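Novice: Just so you know, the sequences run in chain order A and B. For the first sequence, position 157 (counting from the first letter as 1) is numbered 146 according to our numbering, and the numbering increases by one without interruption. For the second sequence, position 123 (counting from the first letter as 1) is numbered 112 according to our numbering, and the numbering increases by one without interruption. All C-beta atoms, glycine included, are put in the ideal place defined by N, C-alpha and C. Keep in mind that this is a model prediction, so the values were computed, not measured. For reference, the structure I am asking about is given below.
There are 2 protein chains.
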Amino acid sequence: MTSAHSQTRPPAVCLVSGGMDSAVTLAEAVHAGFCAHALSFDYGQRHAHELDCARRVANAGGAAEHRIVTLDLSVFGGSALTTDEEVPKDRDEQEIGTGVPATYVPARNTVFLSVALAWAEVLGAKDLFIGVNAVDYSGYPDCRPEFLAAFEELAGKATAAGTERGERFRVHAPLMEFSKQQVVERAIELDVDLALTHTCYDPVERDGAVLACGHCDACLLRLKGFEQAGRVDPIEYAR
Amino acid sequence: MTSAHSQTRPPAVCLVSGGMDSAVTLAEAVHAGFCAHALSFDYGQRHAHELDCARRVANAGGAAEHRIVTLDLSVFGGSALTTDEEVPKDRDEQEIGTGVPATYVPARNTVFLSVALAWAEVLGAKDLFIGVNAVDYSGYPDCRPEFLAAFEELAGKATAAGTERGERFRVHAPLMEFSKQQVVERAIELDVDLALTHTCYDPVERDGAVLACGHCDACLLRLKGFEQAGRVDPIEYAR
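Here is the structure:
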């Protein structure tokens, strides 16, 4: 790809958490021909390791740039991911799929997409990418297509681009209908290095390395995805 | 008001910038019988004075508590309020009212309301208060009723309260149709101490005090509001 070509690619803002889904979503944005601007949040999550993974995923995934916005939602409490509440372990699939999980961060995707929209306005971008997935995470209200459609509607009314120039924003969620197995398979197709990604809600530090617990909902879903895809997960587990 | 009574007041999240509009909005929330939780942002604005005013306004205005969320939008650039770009001075009314102002912060109210929604979820609140005003700031797309209606719609789809319990969120903008004159008059009716508030986009420090410039769009609109209300603005100006 020549640099002249790369300058003509339309800009898009892509939310990159450092997880497997957002790594594949970034790859989809680049594959679709966008100049991807990767955005991560330092939102009081318990593990800085997540942001290290986000940086590596953004670099390896061909993002044009990567910015980290500090936004400390832990001042409100309300979720196991940002407080000291215990992360649920070894739940069976039925438990994982039912109700709003204890690890739910209030209004998280609303907040993340809003900040992505702010950057999109500055960049002149009309496209946002987010790695949400309705299949594995049906308990999260802000991972559903109706939510994303409502956000697109809001974006048109919130911005100069929408109200003065009639431009439409689009929230792309290329993994929306994917199972974790399909995410793993798509990662392999798009040459995404899943060894760089991070999924665990409750990682363990051992001899300077950060290992996934292998027991939280996120680890269980990830491991099942690899198993069903007939692949071995390249990250290290503590169990 | 007894403390038993105060415990039965429904919670509301109220955005408090430290400005005149948000001070009156907080007073409206308390006046309407809500237990007001005041929310401010440290968003890379150039003047910490703004946050000092927000603290004083929240305390004096009867907020149950006040929290400040760090959210540095200046990493994106794009506005005179968070960069070193020059603030426009001494513009006439027609210039102030036309187009999107140079001081526009991209998607600011979308971001602020999203974070307010996150706190509302934790508090179990369904009501958000914001001091936007369509009359004086017609250039800001995210100050219009259509924008607030779209946000209410989004909130219902973004939250467990909306999707699981069918509850409706409401974004209150009590000053939407007020002129600055009416804001000053309402402040006096509700006993709001406007001496605590801050409006200027480009304040001047002199002998340890922070003075309003008296020339930016915000100062000009504020001064005109006091003049039309036949009142003297209690804050100090540098001019």
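Bridge partners of TYR226(A), per DSSP?
Specialist: What you label residue 226(A) is simply residue 237 of the first sequence in a count that begins at 1. Per DSSP, ALA201(A).
Novice: Where does ILE57(A) fall in DSSP's three states?
Specialist: The residue you call residue 57(A) lines up with position 68 of the first sequence. The answer is strand: DSSP assigns ILE57(A) an E or B state.
Novice: Closer than 7 Å, Cβ to any Cβ of chain B: which residues of the segment 41 to 56 of chain A, in chain order?
Specialist: Only those residues of the segment 41 to 56 of chain A whose C-beta falls short of 7 Å from the nearest C-beta of chain B are listed: ARG56.
Novice: If we count the other Cβ atoms within 10 Å of its Cβ and call it buried at 16 or more, is ASP206(A) buried or exposed?
Specialist: Here residue 206(A) refers to the residue found at position 217 when the first sequence is read from its first residue. The residue in question, ASP206(A), is buried, as its Cβ has 16 or more Cβ neighbours within 10 Å.
Novice: Could you compute how far the alpha carbon of LEU183(B) sits from the alpha carbon of PHE30(B)?
Specialist: The residue labelled residue 183(B) in the question sits at position 194 within the second sequence. The residue labelled residue 30(B) in the question sits at position 41 within the second sequence. Near 20 Å, if we compare the C-alpha coordinates of PHE30(B) and LEU183(B).
Novice: Could you pull the start and end residues of the beta strand (DSSP E) that ARG248(A) belongs to?
Specialist: Summary: the structure shown does not reach residue 248(A), with chain A confined to residues -10 through 228, and so no result is reported for it.
Novice: Taking 8 Å as the threshold (beta carbon to beta carbon), is PHE140(A) in contact with chain B?
Specialist: Along the first sequence, read from residue 1 onward, the residue named residue 140(A) stands at position 151. True, the Cβ-Cβ gap to chain B drops below 8 Å.
Novice: At 7 Å on the CB atoms, spell out the chain B contacts of PRO95(A), in chain order.
Specialist: Here the question's residue 95(A) lines up with position 106 in the first sequence. Result: ALA107, GLU110, VAL111.
Novice: Quick one: list the residues of chain A neighbouring PRO130(B), beta-carbon separation under 8 Å, in chain order.
Specialist: In the second sequence, residue 130(B) corresponds to position 141, counting from 1. The answer, in chain order, is LYS146, ALA147, THR148, ALA149, GLY151, THR152, GLU153.
Novice: What residues from the segment 182 to 209 of chain B come within 7 Å of chain A, judged by C-beta to C-beta, listed N to C?
Specialist: none
Novice: Since PHE136(B) meets chain A, which of its residues come closer than 7 Å, beta carbon to beta carbon?
Specialist: Mapped onto the second sequence, residue 136(B) falls at position 147. By Cβ distance, chain A contributes LYS146, ALA147.
Novice: Tell me whether PRO130(B) sits in a helix, a strand or coil according to DSSP, three-state version.
Specialist: Taking the first residue of the second sequence as position 1, residue 130(B) is located at position 141. PRO130(B): helix per DSSP, three-state reduction.
Novice: What residue from CYS202(B), GLU166(B), ALA43(B) has the CA that sits closest to CYS9(B)'s CA?
Specialist: Against the second sequence, residue 9(B) aligns to sequence position 20. For the sequence presented, residue 9(B) should be read as Met rather than Cys. Nearest C-alpha to MET9(B): ALA43(B).
Novice: Quick one, are the C-beta atoms of GLU110(A) and PRO95(B) less than 8 Å apart?
Specialist: On the first sequence, position 121 is the one that residue 110(A) refers to. On the second sequence, position 106 is the one that residue 95(B) refers to. Result yes, Cβ atoms of GLU110(A) and PRO95(B) sit closer than 8 Å.
Novice: Use the C-beta contact count for ASN98(B): other C-beta atoms within 10 angstroms, 16 or more gives buried, fewer gives exposed.
Specialist: Here residue 98(B) is taken as the residue at index 109 of the second sequence, counted from 1. Buried, because 16 or more other Cβ atoms sit within 10 Å of the Cβ of ASN98(B).
Novice: Secondary structure at LYS78(B), three-state DSSP: helix, strand or coil?
Specialist: Stepping through the second sequence from its first residue, residue 78(B) is reached at position 89. Residue state, collapsed to three classes: strand.
Novice: Return the CA-CA distance between CYS189(A) and VAL19(B), expressed in angstroms with no decimal places.
Specialist: Working through the first sequence from its first residue, we reach residue 189(A) at position 200. Working through the second sequence from its first residue, we reach residue 19(B) at position 30. Answer to the nearest angstrom: the Cα atoms are 43 Å apart.
Novice: Shorter than 8 Å from the beta carbon of GLY66(B) to some beta carbon of chain A?
Specialist: Working through the second sequence from its first residue, we reach residue 66(B) at position 77. Yes, its Cβ sits closer than 8 Å to a Cβ of chain A.
Novice: Between PRO77(A), CYS3(A), TYR226(A), which has its C-alpha nearest LEU102(A)'s C-alpha?
Specialist: As a first step, residue 102(A) is located in the first sequence; it is residue number 113 there, counting from the start. Residue CYS3(A) is the option with its Cα nearest to LEU102(A).
Novice: For VAL160(B), does the three-state DSSP call read helix, strand or coil?
Specialist: Here residue 160(B) corresponds to residue number 171 of the second sequence, with the count starting at 1. Looking at VAL160(B) - three-state DSSP - the assignment turns out to be strand.
Novice: Can you give me the start and stop residues for the beta strand (DSSP E) that ASP31(A) sits inside?
Specialist: Taking the first sequence and counting its residues from 1, the one referred to as residue 31(A) is at position 42. 24 to 31 is the extent of the beta strand (DSSP E) around ASP31(A).
Novice: Can you give the beta carbon distance from LEU143(B) to LEU143(A), rounded, assuming they're within the 8 Å contact cut?
Specialist: Taking the second sequence and counting its residues from 1, the one referred to as residue 143(B) is at position 154. Taking the first sequence and counting its residues from 1, the one referred to as residue 143(A) is at position 154. The Cβ separation is near 5 Å, so the contact holds.
Novice: Which bits of chain A does ASP61(B) rub up against, with CB to CB less than 9 Å?
Specialist: Looking up residue 61(B) in the second sequence gives position 72. Chain A residues near ASP61(B): VAL58, THR59, LEU60.
Novice: Kindly indicate which residue of VAL121(A), PHE140(A), GLU141(A), GLN217(A) has the alpha-carbon position closest to the one of CYS132(A).
Specialist: One-based indexing of the first sequence puts residue 132(A) at position 143. Nearest option by C-alpha distance: VAL121(A).
Novice: List the whole-angstrom C-beta distance separating VAL173(B) from GLY50(B), where the pair is believed to meet the contact cut-off of C-beta under 8 Å.
Specialist: On the second sequence, position 184 is the one that residue 173(B) refers to. On the second sequence, position 61 is the one that residue 50(B) refers to. Rounded, the Cβ-Cβ distance is 16 Å, inconsistent with contact.
Novice: Grab me the residues of GLY7(B)'s own chain with a C-beta within less than 6 Å of its C-beta, minus the 5 sequence neighbours each way, in chain order.
Specialist: To locate residue 7(B), count along the second sequence from 1; it is residue 18. Result list for GLY7(B): GLU39, CYS42, ALA43, VAL46, HIS187, in chain order.
Novice: Using a C-beta cutoff of 8 Å, does THR99(B) count as contacting chain A?
Specialist: Here residue 99(B) is taken as the residue at index 110 of the second sequence, counted from 1. Closer than 8 Å: yes.
Novice: Can you give the Cα-Cα distance for SER11(B) and PRO130(A), rounded to whole angstroms?
Specialist: What you label residue 11(B) is simply residue 22 of the second sequence in a count that begins at 1. What you label residue 130(A) is simply residue 141 of the first sequence in a count that begins at 1. If I take the Cα positions, the gap works out to 30 Å.
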